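>
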Amino acid sequence: MSVEGQAGAYLALWTVIQLVSRGAGIAAGGILRDAALALTGSFASTYGIVFWLEAIGALACVWLLRRADVPGFAAKRSRVPAVEPVGVASD
Numbered sequence: 136m137s138v139e140g141q142a143g144a145y146l147a148l149w150t151v152i153q154l155v156s157r158g159a160g161i162a163a164g165g166i167l168r169d170a171a172l173a174l175t176g177s178f179a180s181t182y183g184i185v186f187w188l189e190a191i192g193a194l195a196c197v198w199l200l201r202r203a204d205v206p207g208f209a210a211k212r213s214r215v216p217a218v219e220p221v222g223v224a225s226d
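Under our numbering, the first residue of the sequence shown carries the number 136, and numbering increases by one thereafter.
#1: Report the three-state DSSP secondary structure of A142 (helix, strand or coil).
#2: Buried or exposed, going by whether 16 or more other CB atoms sit within 10 Å of the CB of A171?
#3: In terms of residues, what are the limits of the alpha helix (DSSP H) holding K180?
#4: Can you round the beta-carbon distance between G164 and V185 to whole angstroms, since I take them to be within the 8 Å contact cut?
#5: Thinking L188 and L167 are a contact (beta carbons under 8 Å), I'd like their distance in whole angstroms, please.
#6: Buried or exposed for T150, going by 16 or more other Cβ atoms inside 10 Å?
#7: Which of helix, strand or coil does DSSP assign to D204?
#8: Kindly list the residues whose CB is nearer than 6 Å to the CB of L154, restricted to its own chain and excluding five residues on each side of it in sequence; keep chain order.
Pasting the structure below:
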């Protein structure tokens, strides 16, 4: 789904975004856990709150992914002209 010459750049960008997002998620989870523990005073309630918020986030991700137009991306990708192999003579 990317231009062939820029695939490496997109892969590097994806890796950086994934790393930053993972760090932000871990930090947000820790802050949420500490805040919920301060409010409830119970580890069971705290982890229940964190679990339900993560479940809501997972459902939101599923909803967003269902909206992706994969056949549209594939159709655009197949319209890219093929490169002629090296050494093939054309008339």
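Just so you know, even glycine gets a beta-carbon here, dropped at the ideal spot from N, CA and C.
On a predicted model such as this, the values are computed, not experimentally measured, just so you know.
Short version:
#1: Counted from its first residue, the sequence shown places residue 142 at position 7. Helix.
#2: On the sequence shown, position 36 is the one that residue 171 refers to. Buried: at least 16 other Cβ atoms inside 10 Å.
#3: Here the question's residue 180 lines up with position 45 in the sequence shown. In the sequence under discussion, the amino acid at residue 180 is Ser, which differs from the Lys named in the question. Element bounds for S180: 178 to 201.
#4: Against the sequence shown, residue 164 aligns to sequence position 29. Against the sequence shown, residue 185 aligns to sequence position 50. Indeed they touch by this definition, with Cβ atoms about 7 Å apart.
#5: Numbered from its first residue, the sequence shown carries residue 188 at position 53. Numbered from its first residue, the sequence shown carries residue 167 at position 32. With 8 Å as the limit, L188 and L167 qualify as a contact, their Cβ atoms being about 7 Å apart.
#6: Your numbering for residue 150 matches position 15 in the sequence shown. With fewer than 16 Cβ atoms within 10 Å of its Cβ, T150 is classed as exposed.
#7: As a first step, residue 204 must be located in the sequence shown, where it is residue number 69. Correct three-state label for D204: coil.
#8: Within the sequence shown, numbered from 1, the residue matching residue 154 stands at position 19. No residues qualify anywhere along the chain.
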